[in-house]
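Visitor: Residue numbers (UniProt numbering): 1 to 226.
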Ligand SMILES: *Cc1c(COP(=O)(O)O)cnc(C)c1O
């Protein structure tokens, strides 16, 4: 299958899942995750109409963005674990940061603001029992959201999570949905739910995901990290 065929097949499945869930497919944003692939893939995707792209490593994101400056309508989503000392580089290269999982990182992204610009961010929630995975605990997520609301160079858009491997994604996404609902009480504009990958985007749509992060089903298998 060609890239174009894989993209349209996934978009058909997204639209079908949305309709089955009683949702408008137009309310769902499909981000194509291009990590480990060459910058040319982003160029090929843009030629197919893709404007939302996700990367999970700062150096790779920074390098691709520099290679692709002419693609000025692509929005770059940073979805990886972020080191605090890379916050300035992440901020420079990202339009949206999905992985704000601690107050120190939020503060570092805020301090890295170099003009009047506002960076869209999501609070990442860890749905696993493994504290080593990215994300704040469910219990801390609201306090983190409140902290972000106090940083004027960040705009809290919602929440993000990766489903655990060893659990039905539907039940994990239900916990994410519950925390998203609680955060919306203190931040009515934080309406985004970033959830759903190649293996679980249908369940994510059922649980109310607004932003899907889909990689291999569209791009094909990822090359080795090198
Ligand atoms: C790689 C990655 C994805 C996409 O994964 P696929 O299974 O290839 O769709 C989504 N979210 C995050 C955080 C990732 O690192």
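Note that CB positions come from ideal geometry on N, CA and C, so glycine has one too.
Classify residue 241 as helix, strand or coil using the three-state DSSP reduction.
Guide: Examination of residue 241 is not possible in this model, given that the chain is present from 1 through 226 alone.
Visitor: By how many angstroms is the C-alpha of residue 32 removed from the C-alpha of residue 48?
Guide: Residue numbering aside, residue 48 sits at position 48 when the chain shown is read from its first letter. Residue numbering aside, residue 32 sits at position 32 when the chain shown is read from its first letter. Roughly 12 Å separates the two Cα atoms.
Visitor: Within 10 angstroms of its Cβ, does residue 126 collect 16 or more other Cβ (buried), or is it exposed?
Guide: Reading the chain shown from its first residue, position 126 is the one you call residue 126. That one is buried.
Visitor: Go ahead and label residue 234 buried or exposed: buried means 16 or more other beta carbons lie within 10 angstroms of its beta carbon, across all protein chains shown.
Guide: The shown model of the chain, from 1 to 226, leaves out residue 234, and the question about it has no answer.
Visitor: So for residue 80, helix, strand or coil by DSSP?
Guide: For the purposes of this step, residue 80 is taken as residue 80 along the chain shown, with counting starting at 1. The answer is coil: DSSP assigns residue 80 none of H, G, I, E or B.
Visitor: Which complete beta strand (DSSP E) runs does the segment 69-140 hold, if anything under 3 residues is left out?
Guide: The segment 69-140 contains these whole beta strand (DSSP E) runs: 75-78, 96-100, 119-124.
Visitor: Need the endpoints of the alpha helix (DSSP H) that residue 57 sits in, please.
Guide: The count along the chain shown starts at 1 and reaches residue 57 at position 57. Looking at the DSSP string, residue 57 is not in any alpha helix (DSSP H), and its letter there is neither H nor E.
Visitor: Contact check, residue 24 vs residue 18 under 8 Å by CB: the rounded distance?
Guide: Here residue 24 refers to the residue found at position 24 of the chain shown. Here residue 18 refers to the residue found at position 18 of the chain shown. Right, their Cβ atoms sit about 7 Å apart.
Visitor: Could you spell out the range, first to last residue, of the alpha helix (DSSP H) harbouring residue 183?
Guide: For this step, residue 183 is matched to residue 183 along the chain shown. Here the alpha helix (DSSP H) through residue 183 covers 169-186.
Visitor: Would you report the Cα separation of residue 72 and residue 93, rounded to the nearest angstrom?
Guide: Indexing the chain shown from 1 puts residue 72 at position 72. Indexing the chain shown from 1 puts residue 93 at position 93. Cα to Cα, residue 72 sits roughly 13 Å from residue 93.
Visitor: Given a cut-off of 9 Å, decide if residue 113 and residue 99 are closer than it, judged by their beta-carbon atoms.
Guide: As a working note, residue 99 is residue 99 in the chain shown. As a working note, residue 113 is residue 113 in the chain shown. Not in contact: residue 99 and residue 113 (Cβ atoms no closer than 9 Å).
Visitor: Where does the unbroken alpha helix (DSSP H) through residue 45 begin, and where does it stop?
Guide: Translated into the one-based positions of the chain shown, residue 45 becomes position 45. Note, residue 45: alpha helix (DSSP H), 39-47.
Visitor: Can the beta-carbon of residue 122 be found less than 9 Å from the beta-carbon of residue 68?
Guide: To locate residue 122, count along the chain shown from 1; it is residue 122. To locate residue 68, count along the chain shown from 1; it is residue 68. The answer is no: Cβ separation not under 9 Å.
Visitor: Buried or exposed: residue 178, going by 16 or more other Cβ atoms within 10 Å of its Cβ?
Guide: For this step, residue 178 is matched to residue 178 along the chain shown. So residue 178 ends up on the exposed side.
Visitor: Alpha carbon to alpha carbon, how far is residue 111 from residue 140? Give it in angstroms, no decimals.
Guide: One-based indexing of the chain shown puts residue 140 at position 140. One-based indexing of the chain shown puts residue 111 at position 111. For residue 140 and residue 111, the distance between alpha carbons rounds to 22 Å.
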